[in-house]
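Asks:
2 protein chains.
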Amino acid sequence: MNLDLPRFVDIFEEGPREGFQIESPDIPTADKVRFIDALSETGVKHIQCVSFVNPKRVPGMADAEAVASAIARTEGVSYTGIWLNQQGLERAARSTLDMGGELQVYASQTFGLKNSNRDDQQMLEEQRRYLNFYKEHGIPLDSLIVMTAFGCHYEGEIAISRVCEQIASVLTLASEMGVQVPRLRLADTVGLAVPTAVLRLVGAVRDRWPDLRIGLHLHDTRGSGLANCLAGLSLGVDSFDSACGGLGGCPFAGHRSAAGNICTEDFVFMCHEMGIETGIDLHKMVECARLAERIVGHPLPSKLARTGV
Amino acid sequence: MNLDLPRFVDIFEEGPREGFQIESPDIPTADKVRFIDALSETGVKHIQCVSFVNPKRVPGMADAEAVASAIARTEGVSYTGIWLNQQGLERAARSTLDMGGELQVYASQTFGLKNSNRDDQQMLEEQRRYLNFYKEHGIPLDSLIVMTAFGCHYEGEIAISRVCEQIASVLTLASEMGVQVPRLRLADTVGLAVPTAVLRLVGAVRDRWPDLRIGLHLHDTRGSGLANCLAGLSLGVDSFDSACGGLGGCPFAGHRSAAGNICTEDFVFMCHEMGIETGIDLHKMVECARLAERIVGHPLPSKLARTGV
Chain A
13 MNLDLPRFVD
23 IFEEGPREGF
33 QIESPDIPTA
43 DKVRFIDALS
53 ETGVKHIQCV
63 SFVNPKRVPG
73 MADAEAVASA
83 IARTEGVSYT
93 GIWLNQQGLE
103 RAARSTLDMG
113 GELQVYASQT
123 FGLKNSNRDD
133 QQMLEEQRRY
143 LNFYKEHGIP
153 LDSLIVMTAF
163 GCHYEGEIAI
173 SRVCEQIASV
183 LTLASEMGVQ
193 VPRLRLADTV
203 GLAVPTAVLR
213 LVGAVRDRWP
223 DLRIGLHLHD
233 TRGSGLANCL
243 AGLSLGVDSF
253 DSACGGLGGC
263 PFAGHRSAAG
273 NICTEDFVFM
283 CHEMGIETGI
293 DLHKMVECAR
303 LAERIVGHPL
313 PSKLARTGV
Chain B
13 MNLDLPRFVD
23 IFEEGPREGF
33 QIESPDIPTA
43 DKVRFIDALS
53 ETGVKHIQCV
63 SFVNPKRVPG
73 MADAEAVASA
83 IARTEGVSYT
93 GIWLNQQGLE
103 RAARSTLDMG
113 GELQVYASQT
123 FGLKNSNRDD
133 QQMLEEQRRY
143 LNFYKEHGIP
153 LDSLIVMTAF
163 GCHYEGEIAI
173 SRVCEQIASV
183 LTLASEMGVQ
193 VPRLRLADTV
203 GLAVPTAVLR
213 LVGAVRDRWP
223 DLRIGLHLHD
233 TRGSGLANCL
243 AGLSLGVDSF
253 DSACGGLGGC
263 PFAGHRSAAG
273 NICTEDFVFM
283 CHEMGIETGI
293 DLHKMVECAR
303 LAERIVGHPL
313 PSKLARTGV
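Those protein sequence lines, which keep their order, are chains A and B.
Using the numbering used here, you'd call the opening residue of the first sequence number 13 and step up by one each time.
Using the numbering used here, you'd call the opening residue of the second sequence number 13 and step up by one each time.
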């Protein structure tokens, strides 16, 4: 097994956004802010704080603006939000958060239709509008995220050729509009990836776009989250989204400790023990996970929150 | 990343033993038997049912003989127990379980002293007595297990040269007594392994003993359990111990969903999706995990028990 491990991995902490959007809407704004402020002290450089979405559909995010404006910002840390449409984007731009432009594409058109009611062509048109907005407002482009890159429950596995076509369509659009995409994030939206699939897709994307930085957004839905990370790391992938505590689990009956993002502190532990730096203080990140558990009021999937470092 | 994946992986189910020895001693014998009988229907070929240990120290195993004699045996499945001393071995031999001779060695002498009150030399003498007993009673040798092969909390990481010396001492003893060790199990007893450590140790052992079959006994203490499995699989390791539901977690305050063995059904899912056969019916194994949760009365670390297949 040839390992081309990166020396340093950039971790994009998504716990506040992934977590609070599915947890009880009764969690006080002050607790959300307290959690984000604690994350700021861990050394992590990117914190995704909120999503600007319809509060009727996602009541836990109704206080997005209030959270954004109450954060005690630490220098060198970017605080961002996400959006799923033009309205959300405009709310984000008006907020006090940092703006990193994101482009979105679905590998599975069926999933895209069900999730956002847009087909491939409509999604592409939306990306054009996003790009125009970013240009007009001087927002730097951060990444293109490929949702359902490892398949979905409607279409099963998606052919790599199809995934690459979808990526190419957005890269071409951006290029035509004079913008370069600095990072491509392959998202295992519904948690179907296994290591061999990660190796195949990352390999294929890198073969076609050797200079494009690749990131992985993985869920630990079926337990292979960190094994999938290892597959990415072995190919030198150096950008990962993760969630402190493993926040973001699905609200299944009785026990929510499953199906969230890969857990930041467990991933950081594995990286550090393999000699990969993250810039994160592991002890502090574990304390954040414990704080998150107290805030949400139930156990989270984190292993290190139980065992300690 | 070169993957030398095996085509078929032998899974040694240890859930009943790993789980019930740390769970409440009030679990009825009939429930333990029901769980083992359900496992018999999954296609798994090896079930470790009980440990023959001091009932005062491990009250959950006080009914070991009763469990053993009540199992509804399925043809082609081996039902075994473990022991930690001569007395336990004799109980096992008198029981109705199948006997597979095991030899034991500690990579960490400090851990061995604390855990079993024997130093290297005393451990080796005990292995000699075991080997004599196996010979006298016609018990075939199954494996040599190396405990704390990936380090311990007292000594930290253990030098690979030391691990290999310890293995060599038992292999030499067995060879002098005319017995061949068919399988070597490297155990991450306290859950400190990471994938690079697995690659290094498995690689070193294989270099020295190319014909010795290697198995891995891994815990998911810090979340990298399946990543460690992937490292082993990538080198062709085809024998893994695991526990249905991830049974075996440490009894930490409030929530036990951590630190158990790697979870059988999550591992089987990963194997199957990577094209590796296990002979196990994944749906039935997930049902067993749910049965285990009902029996122990609290959630287990299994992801698939939450999400389904």
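Each residue gets a CB set at the ideal place from its N, CA and C atoms; glycine is no exception.
Could you pull out every residue in the same chain whose Cβ sits closer than 6 Å to the Cβ of R197 (chain B), ignoring the five residues on either side in sequence?
Replies: Residue mapping note: residue 197 (chain B) aligns to position 185 of the second sequence, counting from 1. Cβ neighbours of R197 (chain B) beyond the five flanking positions: S155, I157, G227, H229.
Asks: Anything in chain B within Cβ reach of R212 (chain A), meaning under 9 Å, just list it in chain order.
Replies: As a working note, residue 212 (chain A) is residue 200 in the first sequence. Within chain B, no residue comes near R212 (chain A); the closest Cβ sits about 11 Å away, beyond 9 Å.
Asks: Give the residues of chain B in contact with M282 (chain A), contact being defined as C-beta atoms less than 8 Å apart.
Replies: The count along the first sequence starts at 1 and reaches residue 282 (chain A) at position 270. V206, P207, R234, G235, S236, A239, listed in chain order.
Asks: Following the continuous alpha helix (DSSP H) through Y142 (chain B), name the residue where it begins and the one where it ends.
Replies: Counting from one through the second sequence, the residue named residue 142 (chain B) turns up at place 130. Counting along the chain, the alpha helix (DSSP H) containing Y142 (chain B) begins and ends at 132-148.
Asks: Looking at the C-beta of N285 (chain A), does it have a partner C-beta in chain B at a distance below 7 Å?
Replies: Walking along the first sequence from the start, residue 285 (chain A) turns up at place 273. The amino acid occupying residue 285 (chain A) in the given sequence is Glu; Asn does not appear at that position. By this cut-off, E285 (chain A) is an interface position.
Asks: Let me check understanding here. Comparing Cα to Cα, which of A:E35, A:D253, A:P222, A:G237 lies closest to L306 (chain A)?
Replies: Working through the first sequence from its first residue, we reach residue 306 (chain A) at position 294. The question names Leu, but residue 306 (chain A) is Arg in the sequence shown. Here the closest residue by C-alpha is A:E35.
Asks: Using a Cβ-Cβ cut-off of 7 Å, state whether T319 (chain A) counts as contacting chain B.
Replies: On the first sequence, position 307 is the one that residue 319 (chain A) refers to. T319 (chain A) counts as touching chain B.
Asks: Check V175 (chain B) in the structure and name its three-state DSSP category.
Replies: In the second sequence, the residue the question calls residue 175 (chain B) occupies position 163. Here V175 (chain B) sits in helix by DSSP.
Asks: Compare the C-alpha of P37 (chain A) against each of A:V308, A:L143, A:F20 and name the closest.
Replies: Numbered from 1 along the first sequence, position 25 holds the residue referred to as residue 37 (chain A). The candidate whose alpha carbon is nearest that of P37 (chain A) is A:V308.
Asks: Taking a Cβ distance cut-off of 7 Å, strictly less, list which residues of the stretch 305-319 of chain A are near chain B, in chain order.
Replies: Listed in sequence order: P311, K315, L316, R318, T319.
Asks: Does the separation of the CB atoms of G235 (chain A) and D278 (chain B) fall below 7 Å?
Replies: Translated into the one-based positions of the first sequence, residue 235 (chain A) becomes position 223. Translated into the one-based positions of the second sequence, residue 278 (chain B) becomes position 266. Yes, Cβ-Cβ distance for G235 (chain A) and D278 (chain B) is below 7 Å.
Asks: Using a Cβ-Cβ cut-off of less than 8 Å, list which residues of the stretch 171-185 of chain A approach chain B; keep chain order.
Replies: Taking 8 Å as the Cβ-Cβ cut-off against chain B, none of the residues of the stretch 171-185 of chain A qualify.
Asks: Are there 16 or more other CB atoms within 10 angstroms of the CB of R220 (chain A), so buried, or fewer, so exposed?
Replies: As a first step, residue 220 (chain A) is located in the first sequence; it is residue number 208 there, counting from the start. With fewer than 16 other Cβ atoms within 10 Å, it is exposed.
Asks: Counting only Cβ pairs nearer than 9 Å, list the residues of chain A close to A271 (chain B).
Replies: Translated into the one-based positions of the second sequence, residue 271 (chain B) becomes position 259. Neighbours of A271 (chain B) on chain A, chain order: K315, R318, T319.
Asks: Would you verify that the beta carbon of D278 (chain B) is, or is not, closer than 7 Å to some beta carbon of chain A?
Replies: Numbered from its first residue, the second sequence carries residue 278 (chain B) at position 266. Chain A contact via Cβ: present.
Asks: Would you mind stating whether Q139 (chain B) and V182 (chain B) have Cβ atoms separated by less than 7 Å?
Replies: To locate residue 139 (chain B), count along the second sequence from 1; it is residue 127. To locate residue 182 (chain B), count along the second sequence from 1; it is residue 170. In contact: Q139 (chain B) and V182 (chain B) (Cβ atoms closer than 7 Å).
Asks: Let me make sure I understand the geometry here. Which of B:S52, B:L96, B:Q60 has the alpha-carbon closest to that of P67 (chain B)?
Replies: Taking the second sequence and counting its residues from 1, one reaches residue 67 (chain B) at position 55. It is B:L96 whose Cα lies nearest to the Cα of P67 (chain B).
Asks: Looking only at its own chain, which residues have a Cβ that is under 8 Å from the Cβ of M189 (chain A), when we skip the five neighbours before and after it?
Replies: If you number the first sequence from 1, residue 189 (chain A) lands on position 177. Excluding positions up to five away in sequence, the list reads R140, L143, N144, K147.
Asks: In or out: R69 (chain B) buried (at least 16 other Cβ within 10 Å) or exposed?
Replies: As a first step, residue 69 (chain B) is located in the second sequence; it is residue number 57 there, counting from the start. It counts as exposed.
Asks: According to DSSP, which residues form a beta bridge with L228 (chain A)?
Replies: Start at 1 with the first residue of the first sequence, and residue 228 (chain A) comes out as number 216. A:L198, A:F252, per the DSSP bridge assignment.
Asks: The beta strand (DSSP E) that contains D154 (chain B), what's its start and end?
Replies: As a working note, residue 154 (chain B) is residue 142 in the second sequence. Taken as a continuous stretch (DSSP letters only), the beta strand (DSSP E) holding D154 (chain B) covers 153-159.
Asks: Step through the CB atoms of chain A and report whether any lies within less than 7 Å of the CB of L153 (chain B).
Replies: Within the second sequence, numbered from 1, the residue matching residue 153 (chain B) stands at position 141. Not closer than 7 Å to any Cβ of chain A, the Cβ of L153 (chain B) fails to qualify, so no.
Asks: Between L228 (chain A) and chain B, is any beta-carbon pair separated by less than 7 Å?
Replies: Sequence index remark: in the first sequence, residue 228 (chain A) carries index 216 (1-based). Chain B contact via Cβ: absent.
Asks: Name the chain A residues whose beta carbon is nearer than 8 Å to that of N144 (chain B)?
Replies: Locating residue 144 (chain B) in the second sequence gives position 132, counting from the first residue. Correct list: empty, because the minimum Cβ distance to chain A is about 39 Å.
Asks: Taking the Cβ atom as the reference point for each residue, do L15 (chain A) and S246 (chain A) lie within a distance shorter than 7 Å?
Replies: Taking the first sequence and counting its residues from 1, the one referred to as residue 15 (chain A) is at position 3. Taking the first sequence and counting its residues from 1, the one referred to as residue 246 (chain A) is at position 234. A contact, by the Cβ cut-off of 7 Å.
Asks: Give me whichever residues DSSP pairs with S63 (chain A) in a beta bridge.
Replies: Position 51 of the first sequence holds residue 63 (chain A). Answer is A:I94, bridged to S63 (chain A).
Asks: Counting only the same chain and skipping the five closest in sequence on each side, list residues whose C-beta sits under 6 Å from that of A239 (chain A).
Replies: In the first sequence, residue 239 (chain A) corresponds to position 227, counting from 1. Taken in chain order, the residues that qualify are P207.
Asks: Should H295 (chain B) be labelled buried (16 or more other beta-carbon atoms within 10 Å of its own) or exposed?
Replies: Translated into the one-based positions of the second sequence, residue 295 (chain B) becomes position 283. Label assigned to H295 (chain B): exposed.
Asks: Please list, in chain order, the chain B residues whose beta carbon lies closer than 8 Å to that of N129 (chain A).
Replies: One-based indexing of the first sequence puts residue 129 (chain A) at position 117. Residues of chain B passing the Cβ test: none, with the nearest at roughly 25 Å.
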